[in-house]
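**Student:**
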Amino acid sequence: MSAPVSVSLLVNGEPIDAFVLPRLNLADFLRENLRLTGTHVGCEHGVCGACTVRLDGEIVRSCLMLAVQAQGASVETIEGLSDSGEIADLQAAFRERNALQCGYCTPGMLMTAQDLLKQMPVPDRQAIREHLSGNYCRCTGYQAIVDAVEATAKTRAGRPA
Amino acid sequence: MTVTRAPAETLSVLDRSNSYIGKTVPRPNLDRLLQGRGQYVSDLELPRMAHVVFLRSPYAHARIVAIDADAARRMSGVIAIVTGRELEAVITPWVGVLSHLKGLKSAPQHAIAVDRACWQGEAVAAIVATSRAAAEDAMEHVVVDYEELETVTDMRTALDPATPVIHSALGDNLAFERTLNAGDVDQALSDSEVVEADFVFGRHTGVTLEPRAVVADWNAAEARLTIYQGTQAPHMVQNIAALHLGLREAQVRVVCKDVGGSFGIKVHIYADEMATYALSKLLRRPIKFVADRVESFNTDIHARDHRCRGRIGVKPDGTITAFEIDDLTGIGPYSMYPRTSAIEANQVVNLVGGPYVTANYRARARVVFQNKNVMCQYRAVGHPIACSVTEGLVDLAAAKIGMDPVEIRRRNLIPDDAYPCASPSGMKFEQLSHHASLAKLLQMMDYDALRAEQAALRARNIHRGIGIASFIEVTNPSAAFYGVGGAKISSQDGVAVRLDAQGSVICQTSITEQGQGSESLTAQIVGSVLGVSMDRVRVTLGDTDNTPYGGGTWASRGAGIGGEAALQAAKALRQNILDVAAAILQSTPAGLDIVNNSIVNAVDGAPRIELNELARIVYFRPDTLPPGVQPELMATRHFVPRQYPFAFTNGVQASWLEVDTETGFVTLLKHWVVEDCGTIINPQLVDEQIRGGVVQGLGAALFEKCIYDERGQLTNANMADYLVPMSGEMPDIEIGHVVSPTQETELGAKGAGEAGTAGAAAAVANAVNDALRPFGATITEIPLTPQVILTALGRI
Amino acid sequence: MKAAAFAYARATSVVNALELLAAHGDKAKVLSGGQSLMPAMNLRLISPDILVDIGGLAELRGIAVRAGVLIVGALTRHVDLLRSPEIALYAPLLRDAVAHVAHPAIRNRGTIGGSLAHADPASELPACVVALDAMIVVRGPSGERRIAATEFFKGIYETALSPDELLVAIEVPVAGQGSTFFFQEYARRHGDYAVVGLAARAVVAAGRFTDLRLGFFAIGDRPMLAAAAGRLINASVTSALLAEAATALADELDPQEDQQATAAMRRHLATVLLRRCVAALLARPDLEAGVAR
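Chains as they are written, first to last, in the numbering used here: chain R, 4 to 164; chain L, 40 to 835; chain X, 1388 to 1680.
1. Do you know offhand how far residue 184 of chain L's Cα is from residue 107 of chain L's?
2. Can you tell me where the alpha helix (DSSP H) with residue 1406 of chain X in it begins and where it stops?
3. To be precise: take each residue of the region 1568-1587 of chain X, compare its Cβ to all Cβ atoms of chain R, and keep it if any distance is under 8 Å. Which residues remain?
4. Taking its Cβ as the centre, do 16 or more other Cβ atoms sit within 10 Å of residue 876 of chain L, making it buried, or is it exposed?
5. Interface residues of chain R around residue 1389 of chain X at Cβ under 9 Å?
6. Check whether the Cβ atoms of residue 1523 of chain X and residue 1608 of chain X sit closer than 8 Å, and answer yes or no.
7. Considering only residues of the same chain and omitting the five flanking positions on each side of residue 1547 of chain X, which have a CB-CB separation below 7 Å?
8. Mind checking which residues open and close the alpha helix (DSSP H) that includes residue 1515 of chain X?
9. When you compare the CB positions of residue 493 of chain L and residue 505 of chain L, do they come within less than 8 Å of one another, or not?
10. Please check if any C-beta of chain L sits within less than 8 Å of the C-beta of residue 126 of chain R.
11. Would residue 573 of chain L count as contacting chain X if we go by Cβ distances under 8 Å?
12. I want to verify the contact list: residues of chain L whose CB lies under 8 Å from the CB of residue 1649 of chain X, in sequence order.
13. Applying a beta-carbon distance threshold of less than 7 Å, which residues of chain X neighbour residue 64 of chain R?
14. If we cut at 8 Å on Cβ distances, does residue 134 of chain R have a partner in chain X?
15. Could you tell me whether the Cβ atoms of residue 387 of chain L and residue 509 of chain L are closer together than 8 Å?
16. Starting from the beta carbon of residue 760 of chain L, find every residue of chain X whose beta carbon is closer than 8 Å, and list them in chain order.
17. Any idea what DSSP makes of residue 130 of chain R, helix, strand or coil?
18. Given this structure, state the Cα-to-Cα distance separating residue 1472 of chain X from residue 1667 of chain X, to the nearest angstrom.
19. Using 8 Å as the cut-off, can you tell me whether the region 150-164 of chain R makes contact with the region 94-110 of chain R, which would need three or more C-beta pairs spanning the two stretches below that distance?
20. Determine, for residue 51 of chain R, whether the minimum Cβ-Cβ distance to residues of chain L falls below 8 Å.
21. I need the boundaries of the alpha helix (DSSP H) containing residue 569 of chain L, first residue and last residue.
22. So does residue 145 of chain L have its beta carbon nearer than 7 Å to some heavy atom of the ligand PLP?
23. So, using beta-carbon positions, are residue 616 of chain L and residue 538 of chain L closer together than 8 Å?
24. Do residue 334 of chain L and residue 268 of chain L have their beta-carbon atoms positioned less than 8 Å apart in this structure?
25. Can you give the Cα-Cα distance for residue 1520 of chain X and residue 1499 of chain X, rounded to whole angstroms?
26. In chain order, what are the residue ranges of uninterrupted alpha helix (DSSP H) at least 4 long that sit wholly in the region 1512-1577 of chain X?
27. Step through the CB atoms of chain X and report whether any lies within less than 8 Å of the CB of residue 137 of chain R.
28. Residue 407 of chain L and residue 382 of chain L look like a contact to me (Cβ under 8 Å); what is the Cβ gap, rounded to whole Å?
29. Have a look at the DSSP bridge pairing and note the partners of residue 678 of chain L.
30. Quick one: what's got a C-beta closer than 8 Å to residue 274 of chain L's C-beta in the same chain, skipping five residues either side?
31. Specify whether the region 137-151 of chain L and the region 117-129 of chain L touch according to this definition: at least 3 beta carbon pairs, one from each stretch, less than 8 Å apart.
32. Answer yes or no: do residue 11 of chain R and residue 74 of chain R have a C-beta to C-beta separation smaller than 8 Å?
33. What are the boundary residues of the alpha helix (DSSP H) that residue 83 of chain R is part of?
34. On a CA-only basis, which of R/126, R/104, R/113 and R/152 is nearest residue 554 of chain L? Give me that one, please.
35. Residue 343 of chain L by DSSP, collapsed to three states: which one?
36. Taking only the alpha-carbon atoms, compute the straight-line gap between residue 1502 of chain X and residue 1513 of chain X and give it to the nearest angstrom.
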């Protein structure tokens, strides 16, 4: 009964066909099967946000999803967003502001911040704090992250359409 | 920035035209982490690698009668199931004591429990399988017959005669006791107003986002063990693994690449990590252990579980006449190895009253065993306890005599011109800046305006509070911390610097990186001293095969000790380069300098030869050098502080918050810190260390607590129930600096990694009490939960 | 920890899902958004033999208004409730509540049907459907039945659903003239489960309540419609009357104690919420400080 199930999906634009055990969650599938280790695992119960990825354009916790549930979906990870250049400005702002220390929360934090900036082009600091409030960072104290997201929003807003 | 003392003459080596010192520059190699290309141990996979999970005792105290693993052994994917008794043949037990902590005792601890489990979460068997999931499946089928034993959980009764003794060979449950008596406390108190309070601190843990992780790879053909581990102290791990596995240190290599947070959690030797090394040796293949989050809560060291009775004497004019404390802490069933679990209480005794002139100080600290997870050193060891007790008492004293909290501090803080001096507990202070720091803080926060705003809001039934907390911090520890007690924990660090064949610099340092910016500060120092641009400096760290021997990164020592070693190594290499350049250019070393990757004339800065050209000649055409010139384009230097056991730093924090007196909920509005860590190498990195540290302290103040029941069960061992600080509740934190460089080093840098954590909770607690003053409520307990606040207000 | 092994069936229709549930009984679990189920499975707190994934069933999606009833499909996600113009217009209480549910990444997966069927007494949506006097539409082997929200929740993680039934939709009477709503909860951090919360629907006319439904949550083993509200309906609300209602509320509550709060604290916070709710709904700030001791 718990035999492998076939799953076909797009990961960072690349078609993937795999046989996976039903119990394999999406985070482990990305990390162990596809070696996309930029998606981190911090709690495996959906609280820390380190495993945040994009599923059909929306952020989700990849530890709270089975790989088989991604059938037919498009999954994007930090590797994909980095290679496409979509968040190059946000990454630069994080670098300038030292909005990361150990870097373990950073992929999930960037995913979540980009999600906010897509929905709300010029969020205030409280809105940034609220949107990121499900992503745990033990190192920074959050302020530098909020600064980097705010700076990116302002730069993007000032950019000619 | 306020500079209390002119930088020493010798600082000129850093004060060059192209210096990176004192400048904010982005850390090298951040893109790797930003693009998800970090190499954390949890990412690592090796050929033939197996995964271990540990079956952990569900009881806080139990005899292990029998372990039946037959059914589990037959399950798919299972490679081995190993008990403590079986692993004993591979790895020896240890006892976490240090000789300079007189009287400290502990019992032998095994990698996997033998016969008896002493806390809920202690490993009783290892299950090794082809995947973590398969190992967990098998674990459910290992049957352990336990005989539950009586538990010792409450530290307050641990020493009662009626309480069972956890380790009978030790005679009692007292691990360590220290008393101190300076001046004449009784006389001082008899002449003063006396205020007394019981301070209670929740048990916390570090909750590093990447859990503890290790891959141990015993290569039987090489007779060599490679340990990939997220650790702050690779050489310490090397020494201890070798010692207990019966190997020479040369047979153990420790590699530490990216680490997902440490904060003192990853500076210890954990039993399950030792078991993983031993399993690799036993099974002759790589074994990976990554704690899951529940295991992290149950086995990562806890800290801060203290109950401290404090007394303060004060005169009507605000003079503080004495401090007295009686501190009690419960550390679990074993003193941790090798740093021991007595250091935190010892630090509390050392630090209470430390910012103040008062000479009368009496202290007792007792450290007891109990059947809970082990406690040990975690960021700002002992400081939050000492600071909260001291600053809480000072505020209580001020309230007693009707004095403003700032005024009482002004009257009692050690004057900035009184240094060098010592505290009643014997701590030597080289140069602190309490008054300059306080003045700067008041200016930053506009104290008077804030007080006026507070009064106006109070009239509208809005209750806000201001809390101030001065602190001192132990940094740059010498051998006085561990080495003198017999621990093989290096207090010195080494840096090797070499010029490569294209004129770039390769730098190997024994300090480690967990995100603080060790790589950056090393590159900044080396680049500045050598006259080489930072993009040409590559820093290697975290590998015992490829770095000089040294302590690593803990106790706020990386910049001050490792940074000085880098400075001295770079100075030596610079001299060597100038010697060669002088030979090539038929000049003198003194007549030349290195600026922007080129040899230039010292007098007019005119370029003479680029470093890459010099390197080309040295490495590929040495035949063209004058006879007798043998270039040494590599230099190594080590450094350890000798003059002061610790380079004390100081600072002051303030919190501005609002209490909803109907619901007991606290909203943090703003936080300020002024800190003096001496020479600032990279202002942004220092500020971010402080901010991160403050938020850890704010977590302690409002949220974090390991909640045990009376049977020793940790009841909130998950991230939904153990509340860490998240972005939504944290305030913006403004930071200022006063600069008093230490004269013990040319660099002048002291540590900054723990200052934020040291004083944040004290500032918040004082602010909450300030807000509640109209209600006559005083709280000396953290975390300040709504339940605690509503109870104090008499609402429930 | 990793979830224990299980079998997986992707339901192709509601009928197919019901067949799978009938075949596996209580050994099966329905997988909707998975935001409560997956953590429990990852921690091996539960280990179902088979998961029936209903995530692909288009027939369970969508929000529609028919004959004065707002029909919300079981697979409607939290984020859909947050963004739906129909919800904003006809049941803004749901929108207001969802802003307090966990975090964006969770709200992108979690569904209203999953939340109601999970029946966590501290969660927001069960209290909302109770306050809104909604009907829970359930389909089983013998057809469809409608259960009043007030009858649906039976205890901690317990509902009137039987293992062979599927929650398919929620029917909410659309907000009428004069309807106002109030939602507030006290949680330790953004997105945490509430320590105590209140979802309320009222009809106010000429400064009085002509209707008032107070759905408290995290105060017992299920969301509770407070009877004390009755004292405030068709009455001139004074501080004294509000204090009386608060006392009645404290009496009818039987809160549990946990790590966040004692029973006494929950009673206290419930009365604070009552006061703040009434003051807000009647736009009478004077009532807010009414019953402070």
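In this text, a Cβ means the ideal position worked out from N, Cα and C, and glycines have one as well.
**Tutor:** Walking through what the data contain:
1. In the second sequence, the residue the question calls residue 184 of chain L occupies position 145. In the second sequence, the residue the question calls residue 107 of chain L occupies position 68. One alpha carbon belongs to residue 184 of chain L, the other to residue 107 of chain L, and they sit about 8 Å apart.
2. By 1-based counting over the third sequence, the position of residue 1406 of chain X is 19. Here the alpha helix (DSSP H) through residue 1406 of chain X covers 1401-1411.
3. Listed by position along the chain: 1576, 1577 and 1578.
4. Residue 876 of chain L lies beyond the stretch modelled for chain L, which goes from 40 to 835, so this question has no answer here.
5. The residue you call residue 1389 of chain X lines up with position 2 of the third sequence. Under the 9 Å cutoff, chain R gives 26, 27, 28, 31 and 47.
6. Taking the first residue of the third sequence as 1, we reach residue 1523 of chain X at position 136. Taking the first residue of the third sequence as 1, we reach residue 1608 of chain X at position 221. Taking a C-beta distance under 8 Å as the contact criterion, residue 1523 of chain X and residue 1608 of chain X do not qualify as a contact pair.
7. Here residue 1547 of chain X refers to the residue found at position 160 when the third sequence is read from its first residue. Contacts found: 1534, 1538, 1539 and 1541.
8. By 1-based counting over the third sequence, the position of residue 1515 of chain X is 128. Unbroken alpha helix (DSSP H) run through residue 1515 of chain X: 1511-1518.
9. Residue mapping note: residue 493 of chain L aligns to position 454 of the second sequence, counting from 1. Residue mapping note: residue 505 of chain L aligns to position 466 of the second sequence, counting from 1. Yes, these two residues count as a Cβ contact at 8 Å.
10. For the purposes of this step, residue 126 of chain R is taken as the residue at position 123 of the first sequence. No, its Cβ sits nowhere closer than 8 Å to a Cβ of chain L.
11. Locating residue 573 of chain L in the second sequence gives position 534, where the first residue counts as 1. It does not: the Cβ of residue 573 of chain L has no partner Cβ on chain X nearer than 8 Å.
12. Looking up residue 1649 of chain X in the third sequence gives position 262. By Cβ distance, chain L contributes 826 and 835.
13. The sequence position of residue 64 of chain R within the first sequence is 61, counting from 1. By Cβ distance, chain X contributes 1492 and 1493.
14. Mapped onto the first sequence, residue 134 of chain R falls at position 131. Yes, because at least one Cβ of chain X sits closer than 8 Å to the Cβ of residue 134 of chain R.
15. For the purposes of this step, residue 387 of chain L is identified with residue 348 of the second sequence, where counting begins at 1. For the purposes of this step, residue 509 of chain L is identified with residue 470 of the second sequence, where counting begins at 1. Note that the C-beta distance between residue 387 of chain L and residue 509 of chain L is not below 8 Å.
16. Counting from one through the second sequence, the residue named residue 760 of chain L turns up at place 721. Contact note: residue 760 of chain L reaches chain X through 1646, using a C-beta cutoff of 8 Å and chain order.
17. Here residue 130 of chain R is taken as the residue at index 127 of the first sequence, counted from 1. Look at residue 130 of chain R here: in three-state DSSP terms it is helix.
18. Working through the third sequence from its first residue, we reach residue 1472 of chain X at position 85. Working through the third sequence from its first residue, we reach residue 1667 of chain X at position 280. Residue 1472 of chain X and residue 1667 of chain X: Cα-Cα distance of roughly 24 Å.
19. They touch, by the three-pair rule.
20. Within the first sequence, residue 51 of chain R is the residue found at index 48, counting from 1. At least one chain L Cβ lies under 8 Å of residue 51 of chain R.
21. On the second sequence, position 530 is the one that residue 569 of chain L refers to. Taken as a continuous stretch (DSSP letters only), the alpha helix (DSSP H) holding residue 569 of chain L covers 557-569.
22. Ligands in the displayed structure: none, and consequently the ligand PLP is not present.
23. Locating residue 616 of chain L in the second sequence gives position 577, counting from the first residue. Locating residue 538 of chain L in the second sequence gives position 499, counting from the first residue. Residue 616 of chain L is a Cβ neighbour of residue 538 of chain L, given a cutoff of 8 Å.
24. Taking the first residue of the second sequence as 1, we reach residue 268 of chain L at position 229. Taking the first residue of the second sequence as 1, we reach residue 334 of chain L at position 295. Contact flag unset, no.
25. In the third sequence, residue 1520 of chain X corresponds to position 133, counting from 1. In the third sequence, residue 1499 of chain X corresponds to position 112, counting from 1. Rounded to whole angstroms, residue 1520 of chain X to residue 1499 of chain X spans 16 Å at the Cα level.
26. Fully enclosed alpha helix (DSSP H) runs of 4 or longer: 1536-1539.
27. The residue labelled residue 137 of chain R in the question sits at position 134 within the first sequence. Output row for residue 137 of chain R: interface = yes.
28. Position 368 of the second sequence, counted from the first residue, corresponds to residue 407 of chain L. Position 343 of the second sequence, counted from the first residue, corresponds to residue 382 of chain L. About 15 Å separates the two Cβ atoms, so there is no contact after all.
29. Here residue 678 of chain L refers to the residue found at position 639 when the second sequence is read from its first residue. Paired residues: L/532.
30. Along the second sequence, one-based indexing puts residue 274 of chain L at 235. For residue 274 of chain L, where only same-chain residues beyond five positions count, the Cβ hits under 8 Å are 293, 529, 549, 583, 588, 589, 590 and 591.
31. Three or more Cβ pairs drawn from the region 137-151 of chain L and the region 117-129 of chain L lie within less than 8 Å of each other, which places the two stretches in contact.
32. Position 8 of the first sequence, counted from the start, is the residue given in the question as residue 11 of chain R. Position 71 of the first sequence, counted from the start, is the residue given in the question as residue 74 of chain R. Taking a C-beta distance under 8 Å as the contact criterion, residue 11 of chain R and residue 74 of chain R qualify as a contact pair.
33. Counting from one through the first sequence, the residue named residue 83 of chain R turns up at place 80. Counting along the chain, residue 83 of chain R sits inside the alpha helix (DSSP H) bounded by residues 81-87.
34. As a position in the second sequence, residue 554 of chain L is number 515, starting the count at 1. Per the Cα distances, R/104.
35. Here the question's residue 343 of chain L lines up with position 304 in the second sequence. Residue 343 of chain L carries a coil assignment under DSSP once its states are collapsed to helix, strand and coil.
36. Here residue 1502 of chain X is taken as the residue at index 115 of the third sequence, counted from 1. Here residue 1513 of chain X is taken as the residue at index 126 of the third sequence, counted from 1. Cα to Cα, residue 1502 of chain X sits roughly 7 Å from residue 1513 of chain X.
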